[in-house]
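**Student:**
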Amino acid sequence: MDRTTDLNPHEPHIARMYDYYLGGKDHYQADAEAAEKVLQALPEVRLAAQENRGFIHRATRHLAGEIGVRQFLDIGTGIPTEPNLHQVAQEQAPDARIVYVDNDPMVLAHARALMVGTPEGRTDYIHADATEPQEILDAARETLDFTEPIALSLIGLLHFVPGAYEVTATLVNALPSGSYVAMSHLTADFDPEGIAATVKVYEERGLYCHPRNRDEIARFFDGMELLEPGVVPIHRWRAPIDPPKSMDAKVPGYAAVGRKP
Ligand SMILES: C[S@@+](CC[C@H](N)C(=O)[O-])C[C@H]1O[C@@H](n2cnc3c(N)ncnc32)[C@H](O)[C@@H]1O
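In my numbering, each residue carries its 1-based index in the sequence shown increased by 1.
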């Protein structure tokens with residue numbers, strides 16, 4: 002069987018471990034065991050995953066609603082989890098077009114759930130690897146108009162991708178002026194020991210995982226204009242209520258949205 006479509010149940014996968022953190026049902030024993038090891042290192046990882054979903058919803062609502070973006074390219078989509086990005090975007094703008102991309106066979110197996118959108122809009126799914134950004138861009142052109150603004154979502158993805166700066170630069174270069182990038186990224190800034198132990202769990206299972214500090218994450222936005230409030234802990238990005246300071250150590254990631262001038 003093709004390695005890229007083999008579900009490979011005996012080895013943990015990033016998407017299925019994340020599904021476990023979110024309380025989903027689309028994972029195997031190997032994923033649950035690895036995820037439990039992460040839970041020992043980072044007892045609040047479930048909260049962090051939920052806050053990450055909250056950021057997707059707030060950023061997408063802002064981009065589709067207040068800003069008026071009509072096209073979304075979401076790379077590292079994950080196993081469908083309601084509400085999915087297209088549901089949030091199309092609630093604001095029924096004619097929004099969304100292209101989802103992931104390299105995980107379980108996400109591919111569930112991709113149909115990502116394609117049930119509004120009749121006015123369109124959703125598509127591309128099974129591809131982020132380390133091949135040109136392939137993604139070529140396929141996305143079938144659905145998205147690259148002369149109109151596009152919101153590129155790289156949420157909870159880049160710490161899992163070798164060569165993440167080059168990948169991001171290739172993608173951003175292809176976007177027209179007035180496009181946006183929404184990103185969240187793992188950091189060891191708040192809980193260095195917990196994150197070191199977490200990285201070990203992934204790496205020992207052959208899964209690349211590379212956290213970055215705030216400055217390194219801000220570097221992804223070089224040449225772009227950061228929307229308020231800039232690069233902030235995930236749960237603080239345009240939070241409806243100011244979260245307590247104690248939450249920062251529990252949600253070990255930063256989020257930001259930038260505009261390509
Ligand atoms: C932590 S999940 C995040 C899912 C979703 N974006 C969210 O934030 O809720 C990371 C996702 O990125 C995908 N992923 C990891 N490395 C990838 C790669 N090289 N190419 C494409 N997708 C990748 C995984 O399969 C997984 O679905």
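C-beta atoms are modelled at their ideal positions from N, C-alpha and C, and glycine is treated no differently. All of these numbers come straight from a predicted model, not from anything done at the bench.
#1: Any idea if asparagine 85 is buried or exposed, counting beta-carbon neighbours within 10 angstroms, 16 or more meaning buried?
#2: Looking at C-alpha atoms only, which residue of Ala94, Ala131, Thr132, Asn104 is the closest neighbour of glycine 118?
#3: Which first and last residues belong to the alpha helix (DSSP H) in which valine 108 is found?
#4: What are the residues that DSSP puts in a beta bridge with methionine 184?
#5: Using only the alpha-carbon positions, how far apart do methionine 2 and aspartate 103 sit?
#6: Note down, in chain order, each residue of its chain lying with its Cβ closer than 6 Å to the Cβ of threonine 5, except the 5 sequence neighbours on either side.
#7: Determine the contact status of leucine 43 and glycine 195, defining contact as a CB-CB distance below 9 Å.
#8: Going residue by residue through the stretch 80–107, where are the continuous beta strand (DSSP E) segments of at least 3 residues, counting only ones entirely within it?
#9: Is phenylalanine 161 near ligand 1 - that is, is its Cβ less than 8 Å away from at least one heavy atom of it?
#10: If we ignore side chains and look at the alpha-carbon of each, how far apart do alanine 90 and glutamate 121 end up?
#11: Nearest-angstrom Cα distance between leucine 40 and proline 13?
#12: Would you check whether ligand 2 has a heavy atom nearer than 8 Å to the C-beta of arginine 54?
#13: Counting only the same chain and skipping the five closest in sequence on each side, list residues whose C-beta sits under 6 Å from that of proline 81.
#14: Would DSSP call threonine 1 helix, strand or coil?
#15: Assign glutamine 72 to buried or exposed, taking buried as 16 or more other Cβ atoms, counted over all protein chains shown, within 10 Å of its Cβ.
#16: Counting C-beta neighbours from all protein chains within 10 Å, is the total for serine 247 16 or more, i.e. buried, or is it exposed?
#17: Distance check for histidine 186 and alanine 250, CA to CA, integer angstroms please.
#18: Taking the alpha carbon of aspartate 20 as the point to measure from, which residue in Arg54, His11, His63, Pro245 has its own alpha carbon closest?
#19: If you draw a straight line from the C-alpha of cysteine 210 to the C-alpha of glutamate 217, how long is it?
#20: With DSSP as the reference, please indicate the residues paired to glutamine 135 in a beta bridge.
#21: Are the beta-carbon atoms of proline 234 and alanine 219 separated by less than 9 Å?
#22: Return the CA-CA distance between tyrosine 101 and leucine 159, expressed in angstroms with no decimal places.
#23: Under a Cβ-count criterion, where at least 16 other Cβ atoms within 10 Å of its own Cβ denotes burial, should serine 154 be classed as buried or exposed?
**Tutor:** Let's see:
#1: The residue is buried, with at least 16 neighbouring Cβ atoms inside 10 Å.
#2: Looking at the Cα atoms, Ala94 is the closest of the given residues.
#3: Where valine 108 is concerned, the enclosing alpha helix (DSSP H) stretches over 106–110.
#4: In the DSSP assignment, methionine 184 is bridged to Leu155, Ala257.
#5: The predicted model places methionine 2 with a pLDDT of 46, which falls under 50 and marks its position as unreliable; any figure quoted below should be read in that light. Taking the straight line from one Cα to the other gives about 19 Å.
#6: Answer for threonine 5: no residue qualifies.
#7: Yes, they are a contact pair.
#8: Entirely contained in the stretch 80–107, the beta strand (DSSP E) runs reaching 3 residues are, in chain order, 98–103.
#9: Flag set: Cβ of phenylalanine 161 near ligand 1.
#10: Those two C-alpha atoms are separated by around 12 Å.
#11: Rounded to whole angstroms, the gap between the alpha carbons of leucine 40 and proline 13 is 15 Å.
#12: As for ligand 2, it is missing from this structure, which binds only ligand 1.
#13: Excluding positions up to five away in sequence, the list reads His111, Ala114, Leu115.
#14: In this structure the chain extends from 2 to 262, so residue 1 is not present and cannot be described.
#15: In this structure glutamine 72 is buried. Its beta-carbon is surrounded by 16 or more other beta-carbon atoms within 10 angstroms.
#16: Looking at its Cβ environment, which holds fewer than 16 other Cβ atoms inside 10 Å, serine 247 is exposed.
#17: In this structure, the CA atom of alanine 250 is about 14 Å from the CA atom of histidine 186.
#18: For the residues Arg54, His11, His63, Pro245, the minimum Cα distance to aspartate 20 belongs to Arg54.
#19: Their Cα atoms are separated by approximately 15 Å.
#20: Within the DSSP secondary-structure output, glutamine 135 pairs in no beta bridge.
#21: Not a contact, by the Cβ cut-off of 9 Å.
#22: Our two residues, tyrosine 101 and leucine 159, have alpha carbons roughly 16 Å apart in a direct line.
#23: Answer is buried; the Cβ neighbour count reaches 16.
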